[in-house]
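Residue numbers (full-length UniProt numbering): 1 to 315. Note that the Cβ used here is the ideal one computed from N, Cα and C, for glycine as well. Following: one structure in structure tokens, then a few remarks.
The following block contains the structure:
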């Protein structure tokens, strides 16, 4: 099998137009763990010396963890260690899983969505054990974007006690009528010809996504199939730990759900789940990938300020 392709500079968060420039062009190393179906999951870690908390980052459909290097850098500077995996079928995990066949990127493999969600939660345990070996009691925060945020919602329904806080970005209320399942670029296709204009107002983000060999623009129904696509539907569970802090950050022009869907989601967490610390931030004009938007500095600053209020510095 071939080795995973070296990501182009643009795909690794290193292009013009305000995106960060790395100090080196060396490939970022990954480690692996094996899930219950024998799939090797590649993951990355960016620890800091005296962390306030450790952040588990869960990416979206058709992308991979190394698209979040700018966010990782800002979290590190603020005192947060970060771990992120390439989910089943995605990034280096998918490249290895599918024998280097880039046309199969995004396909989850044996066990489908259920196995993928279990692997994300398995990763939580790996992170907690590793980070707490050096820093006992270190809080674990689950940060999910898009599909990652939908999986995070499902995981929190059953394992809320594993997390000190939850952050959902580019997310939606997981019910029919509140989450777009069709052409997510339909409202924005007149703005360009990449097919991913819906992701961000920054054209550099569109170019980076399309030029990245480890991304795919195939719709979720084709990647997952109808049964697994339907398994993403659901609601926040009743009677979650009331003290669990939740932050939701979405763009007002997000094709997946935007403000109306996010409002339903946070109200459900308040009234059905019983959460007492729920924050919703809507960014006017922003699209789906708020961490890749033209106002991403504002978005990241809001994320970090919210974390700082809830994760005190540790001695």
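Item, Value
"Taking the beta strand (DSSP E) that residue 81 belongs to, which residues open and close that run?", "80-85"
"Please classify residue 264 as buried or exposed, where buried requires at least 16 other C-beta atoms within 10 Å of its C-beta.", "buried"
"In whole angstroms, give me the CA-to-CA distance for residue 182 and residue 219.", "8 Å"
"Between the stretch 111-119 and the stretch 33-43, do three or more beta carbon pairs fall short of 8 Å?", "yes"
"Exposed or buried, what is residue 199 when buried is set at 16 or more other beta-carbons lying within 10 Å of its beta-carbon?", "buried"
"For residue 238, collect the residues of the same chain with a Cβ closer than 7 Å to its Cβ; drop the 5 residues on either side in sequence, then sort them by chain order.", "272, 273"
"From this set, 259, 213, 166, 310, which residue's C-alpha is nearest residue 153's C-alpha?", "166"
"Output the boundary residues of the beta strand (DSSP E) element that contains residue 111.", "Residue 111 -> no beta strand (DSSP E), and no H or E assigned at all."
"Tell me whether the stretch 211-225 and the stretch 55-62 touch, counting them as touching only if at least three CB pairs, one residue from each stretch, are closer than 8 Å.", "yes"
"Closest by CA to residue 105, which one among 93, 135, 247, 229?", "93"
"So if DSSP puts residue 244 in a beta bridge, which residue, or which two residues, is it bridged to?", "Bridge partners of residue 244: none, in fact."
"To the nearest angstrom, how far is the alpha carbon of residue 100 from that of residue 48?", "33 Å"
"Tell me where the alpha helix (DSSP H) around residue 269 begins and ends.", "258-271"
"On the DSSP letters alone, give me the boundaries of the beta strand (DSSP E) that residue 281 sits inside.", "278-283"
"Which residue wins for smallest C-alpha separation from residue 103, given the options 115, 90, 134?", "90"
"From residue 149 to residue 202, what does the alpha carbon distance come to, in whole angstroms?", "22 Å"
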